[in-house]
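S.K.: Residue numbers (our numbering): 4 to 334.
Quick reminder that beta carbons are idealized off the backbone N, C-alpha and C, glycines included.
All of these numbers come straight from a predicted model, not from anything done at the bench.
The structure is given below, and queries will be raised subsequently.
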Amino acid sequence: MDLTIIWAVIIAFAVAAYVVMDGFDLGIGILFPLLPVGKQRDKAMNAIAPVWDGNETWLVLGGGGLLAAFPLAYAIILPALYAPLTAMLLALIFRGVAFEFRWRDARHRRFWDAGFFGGSIAATFAQGVTLGALIEGIEVSGRGYGGGWWDWLSGFSLLTGASLVAGYALLGACWLILKTEGPLQLRARRFARGLLPALLGAIALVSLATPFVERKYFERWFDWPGMIVTIPMPLLVVLTALAAWRSLGRGADAAPFLWALGLFALSFVGLGISIWPDVIPGRVSIWQAAAPYQSQLFLLIGAAALIPLILAYTAWSYWVFRGKVGEQGYH
């Protein structure tokens with residue numbers, strides 16, 4: 004049993020769960036200035052109020068798992084990406100404060116609304132930049148980071164940052180379609196119709212650029228037998244986007260969100276094809292970065308108890324608040 008692969012899957016799952024679950028509530032924050040002040044903004048906040056805080060559990064699990072299971076990767080990645088990661092955490096903190104205080108400090112609600120928007124878009128953009136910098140490659144010297152302070156900043160990382168903003172905004176719009184009714188749902192549907200082509204264009208640009216960022220990416224995408232998997236990917240993305248567009252046109256509630264998740268799932272698959280089996284693409288493999296077998300086994304025992312518990316309370320909270328959001332909350 005290769006515990007290194009098991010831990011790689013666990014961390015990948017935690018990151019994917021975070022992107023899916025925290026993505027839509029960050030997306031609502033990104034769209035917040037476009038919503039009229041008053042009932043529509045309150046409804047949008049109520050649509051995520053029961054679940055937004057718990058969604059960030061997966062970020063903690065992913066970061067903590069990386070430290071515990073792949074300490075070498077953690078020691079290299081953190082110094083390389085201090086700036087965007089620090090910006091992300093500060094933005095998430097300020098966003099959380101703004102979320103709570105907008106209800107309790109009505110006199111300064113305009114300020115807290117701006118803080119909620121600013122924290123959401125800054126955290127999202129920082130996550131995208133972090134991903135882009137990781138894909139582009141981190142300079143490794145011995146067993147540590149060998150690059151400079153600004154190596155994370157490039158045209159490619161800025162592109163991935165902007166792409167993630169579009170993606171999260173689409174998830175947020177689709178969540179509002181799912182959870183609201185009336186004028187807010189109609190407005191969210193209009194947002195989604197504009198954001199879907201934007202995200203599709205962003206996926207195309209990132210996909211075209213990625214194989215030329217690192218030679219190994221090009222080989223994995225265009226050499227045999229990898230082409231068996233990679234050739235259908237653009238078609239699957241286009242078909243998924245068309246299905247999402249049709250669901251928006253026919254007035255479906257749940258289907259747009261599910262199809263948007265499908266676009267993210269395909270993007271994850273493409274990312275996996277590019278970097279597997281590296282944890283630092285082109286530099287360090289998962290086996291080179293892994294903790295000792297005994298440590299991985301000990302940690303796995305804890306994860307085997309903790310992850311089902313997280314999944315259970317997450318599923319329960321979503322089930323309890325499964326309805327539409329009305330004037331006074333869920334109904």
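What residue does the beta strand (DSSP E) around Ser-281 start on, and which one ends it?
M.R.: By 1-based counting over the sequence shown, the position of residue 281 is 278. Reading the sequence as shown, one finds Asp at residue 281 and not Ser. Residues 281-283.
S.K.: Based on DSSP bridge pairs, tell me the residues matched to Ser-288.
M.R.: Stepping through the sequence shown from its first residue, residue 288 is reached at position 285. DSSP lists Asp-281 as partners of Ser-288.
S.K.: With respect to the alpha helix (DSSP H) encompassing Gly-254, which residues constitute its N-terminal and C-terminal limits?
M.R.: Mapped onto the sequence shown, residue 254 falls at position 251. That residue, Gly-254, is in no alpha helix (DSSP H); it is neither H nor E in DSSP.
S.K.: Who are Ser-144's beta bridge partners in DSSP?
M.R.: Along the sequence shown, read from residue 1 onward, the residue named residue 144 stands at position 141. Looking at the DSSP assignment, Ser-144 forms a beta bridge with Gly-147.
S.K.: Take Leu-273 as the anchor and find which of Val-282, Val-240 and Tyr-85 has the nearest alpha-carbon.
M.R.: Taking the sequence shown and counting its residues from 1, the one referred to as residue 273 is at position 270. Just to set this straight, residue 273 is Gly in the shown sequence, not Leu. Ranking Val-282, Val-240 and Tyr-85 by Cα distance to Gly-273 puts Val-240 first.
S.K.: Which residue wins for smallest C-alpha separation from Asp-45, given the options Gly-150, Trp-106, Gln-130 and Tyr-296?
M.R.: Residue mapping note: residue 45 aligns to position 42 of the sequence shown, counting from 1. Of Gly-150, Trp-106, Gln-130 and Tyr-296, the smallest CA-CA separation from Asp-45 is found for Trp-106.
S.K.: Cβ of Pro-74 less than 8 Å from any chain C Cβ?
M.R.: In the structure shown, chain C does not exist; there is a single protein chain.
S.K.: For Glu-103, which three-state DSSP category applies?
M.R.: As a position in the sequence shown, residue 103 is number 100, starting the count at 1. It is helical.
S.K.: Check Ile-124 in the structure and name its three-state DSSP category.
M.R.: In the sequence shown, the residue the question calls residue 124 occupies position 121. Helix, per DSSP.
S.K.: Going by C-alpha to C-alpha distance, which of Pro-53, Thr-133 and Leu-88 sits closest to Phe-2?
M.R.: Nothing can be reported for residue 2: it is not among the residues displayed for the chain, which extend from 4 to 334.
S.K.: How is Pro-200 classed by DSSP in three states: helix, strand or coil?
M.R.: As a working mapping, residue 200 is identified with position 197 in the sequence shown. Note: Pro-200 maps to helix in three-state DSSP.
S.K.: Check the C-beta distance from Thr-60 over to Ile-313 and give it rounded, since I have them as a contact under 8 Å.
M.R.: Stepping through the sequence shown from its first residue, residue 60 is reached at position 57. Stepping through the sequence shown from its first residue, residue 313 is reached at position 310. Contact annotation, Thr-60 with Ile-313: C-beta distance approximately 6 Å; criterion of less than 8 Å satisfied.
S.K.: Here's a check: name, in chain order, each residue in its chain whose Cβ is nearer than 8 Å to the Cβ of Leu-167, leaving out the five neighbours to either side.
M.R.: Position 164 of the sequence shown, counted from the first residue, corresponds to residue 167. Correct list, in chain order: Thr-127, Phe-128, Gln-130, Gly-131 and Leu-134.
S.K.: Would you call Glu-139 buried or exposed, if buried means 16 or more other Cβ atoms sit within 10 Å of its Cβ?
M.R.: Here residue 139 is taken as the residue at index 136 of the sequence shown, counted from 1. Counting Cβ neighbours within 10 Å, Glu-139 comes out buried, since at least 16 surround it.
S.K.: For Phe-260, I'd like the list of residues in its chain whose CB is within less than 8 Å of its CB, leaving aside the five on either flank, ordered along the chain.
M.R.: The residue you call residue 260 lines up with position 257 of the sequence shown. Excluding sequence neighbours, Phe-260 sits near Phe-27, Leu-174, Cys-177, Trp-178, Ile-180 and Leu-181.
S.K.: Would you give the residue range spanned by the alpha helix (DSSP H) that Gly-41 belongs to?
M.R.: Within the sequence shown, numbered from 1, the residue matching residue 41 stands at position 38. No alpha helix (DSSP H) contains Gly-41, which DSSP labels as neither H nor E.
S.K.: Applying the criterion that 16 or more other CB atoms from any shown protein chain within 10 Å of the CB defines a buried residue, is Arg-113 buried or exposed?
M.R.: Taking the first residue of the sequence shown as position 1, residue 113 is located at position 110. By the 10 Å Cβ count, Arg-113 comes out exposed.
S.K.: Can you list the alpha helix (DSSP H) stretches of 4 or more residues lying completely in the segment 14-75, in chain order?
M.R.: 42-51, 55-58 and 60-72
S.K.: What residue from Leu-37, Trp-55, Trp-248 and Leu-84 has the CA that sits closest to Ser-160's CA?
M.R.: One-based indexing of the sequence shown puts residue 160 at position 157. Closest by alpha carbon: Leu-84.
S.K.: Express the C-alpha separation of Ile-14 and Ala-125 in angstroms, rounding to a whole number.
M.R.: Reading the sequence shown from its first residue, position 122 is the one you call residue 125. Reading the sequence shown from its first residue, position 11 is the one you call residue 14. Spanning the two alpha carbons is a distance of roughly 24 Å.
S.K.: Taking the alpha helix (DSSP H) that Thr-163 falls in, what are its first and last residues?
M.R.: The count along the sequence shown starts at 1 and reaches residue 163 at position 160. 158-182 is the span of the alpha helix (DSSP H), which, as asked, contains Thr-163.
S.K.: Roughly how many whole angstroms lie between the Cα atoms of Asp-116 and Leu-266?
M.R.: Here residue 116 is taken as the residue at index 113 of the sequence shown, counted from 1. Here residue 266 is taken as the residue at index 263 of the sequence shown, counted from 1. Asp-116 and Leu-266: Cα-Cα distance of roughly 29 Å.
S.K.: Is it the case that the segment 185-204 contacts the segment 217-237, given that we only count it when at least three CB pairs across the two stretches are under 8 Å?
M.R.: no
S.K.: Taking only the alpha-carbon atoms, compute the straight-line gap between Phe-194 and Gly-254 and give it to the nearest angstrom.
M.R.: As a first step, residue 194 must be located in the sequence shown, where it is residue number 191. As a first step, residue 254 must be located in the sequence shown, where it is residue number 251. If I take the Cα positions, the gap works out to 14 Å.
S.K.: Three Cβ pairs or more, each shorter than 8 Å: is that satisfied between the segment 55-73 and the segment 16-25?
M.R.: yes
S.K.: If you draw a straight line from the alpha carbon of Gly-151 to that of Leu-137, how long is it in whole angstroms?
M.R.: Sequence index remark: in the sequence shown, residue 151 carries index 148 (1-based). Sequence index remark: in the sequence shown, residue 137 carries index 134 (1-based). Near 14 Å, if we compare the C-alpha coordinates of Leu-137 and Gly-151.
S.K.: Suppose contacts are defined by Cβ-Cβ distances below 8 Å. Is Phe-225 in contact with Phe-120 by that definition?
M.R.: The residue you call residue 225 lines up with position 222 of the sequence shown. The residue you call residue 120 lines up with position 117 of the sequence shown. No, Cβ-Cβ distance for Phe-225 and Phe-120 is not below 8 Å.
S.K.: Tell me the DSSP secondary structure of Glu-217 in three-state form.
M.R.: If you number the sequence shown from 1, residue 217 lands on position 214. Reduced to three states, the DSSP call for Glu-217 is coil.
S.K.: Please name the residue in Gly-41, Ser-288 and Ser-270 whose C-alpha comes closest to that of Val-209.
M.R.: Here residue 209 is taken as the residue at index 206 of the sequence shown, counted from 1. Val-209 has its Cα closest to that of Ser-270, out of Gly-41, Ser-288 and Ser-270.
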